[in-house]
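Below is one structure, written out as structure tokens; comments come after it.
Residue numbers (the working numbering): 36 to 126.
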């Protein structure tokens, strides 16, 4: 299951969005970060509190501070590779 999170919208193209990580209806396997590094850094404790273990940072969503904090919190992380590009290789 894929869940969208966006504090500004209730849905996009008919797909329900959640306002925050805390609102997700279940613990998920991983989260794809597509925000600026400041917001990514602020989100890490919330991600940890939700029990999410895998974090994929999209290009532009991280800096050294974000990666250091993610490692400190014990996340399995993926950086550099764009999810869209990697998934398109499977098609």
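Just so you know, even glycine gets a beta-carbon here, dropped at the ideal spot from N, CA and C.
For residue 74, the closest of 62, 51, 44, 98 by C-alpha to C-alpha distance is 98. By DSSP's assignment, residue 111 forms a beta bridge with 89. Spatial neighbours of residue 71 in its own chain (CB-CB distance under 8 Å, excluding positions within 5 residues in sequence) are listed in chain order as 95, 96. In this chain, the alpha helix (DSSP H) harbouring residue 79 covers 72–84.
When only Cα atoms are considered, residue 63 and residue 108 end up about 17 Å apart. Taking 8 Å as the upper bound for CB-CB distance, residue 38 and residue 59 are in contact here, some 6 Å apart. Going by beta carbons, residue 88 and residue 67 fall outside the 8 Å limit.
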